[in-house]
Amino acid sequence: MLNRVHNRILIVVPIVLKRMACMSGGSRARVFFYDKFSAIKTKLDRLFTDDLGAVVLNLPPEEPHKVTAWLALMSAIDLWTDCGTTVNLVNGPRTPNVVSW
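When we follow numbering that gives the first Met the number 0, the leftmost residue of the sequence shown carries the number 0, and every step to the right adds one.
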């Protein structure tokens, strides 16, 4: 019973990787697409449900231009870790721009 309490996986993906919408994630995985970090809002109930056990956060191909763009991401990570969710950061797709990130 306890292994079914926090058994969902949330995959947060930049809109650049929209092709991932075709993958079959099963009944345990949910995918959320974002265009900017500000789209990851702590008020979105579907991102912060109680049944989450792990979050896989794919970073965008290039670093955001605004410094304040990181605030939404950091508050989301803070909320996930406060609930006991494991947060995994994954590098995004590589661009030809060598200076990015």
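Backbone N, C-alpha and C define an ideal beta-carbon position, used for all residues, glycine too.
Near residue i, which residues of its chain fall below 8 Å by C-beta distance, leaving aside the five closest residues on each side in sequence?
i: T85; result: G52, A53 and V54
i: S37; result: A68 and A71
i: V12; result: M19, V30, F31, F32, Y33 and N57
i: N6; result: R27, D50 and G52
Identify whether residue i lies in helix, strand or coil by the three-state DSSP scheme.
i: R29; result: strand
i: R7; result: strand
i: L78; result: helix
i: V66; result: coil
i: L16; result: helix
Just list the residues that DSSP pairs residue i with in beta bridges.
i: N57; result: V89
Quick one, which of the options has its alpha-carbon nearest residue i's?
i: P95; options: K40, V12, E61 and N87; result: E61
Return the chain-ordered list of same chain residues with a C-beta closer than 7 Å to the C-beta of residue i, the five sequence neighbours on each side being excluded.
i: T41; result: F47, S74, A75 and L78
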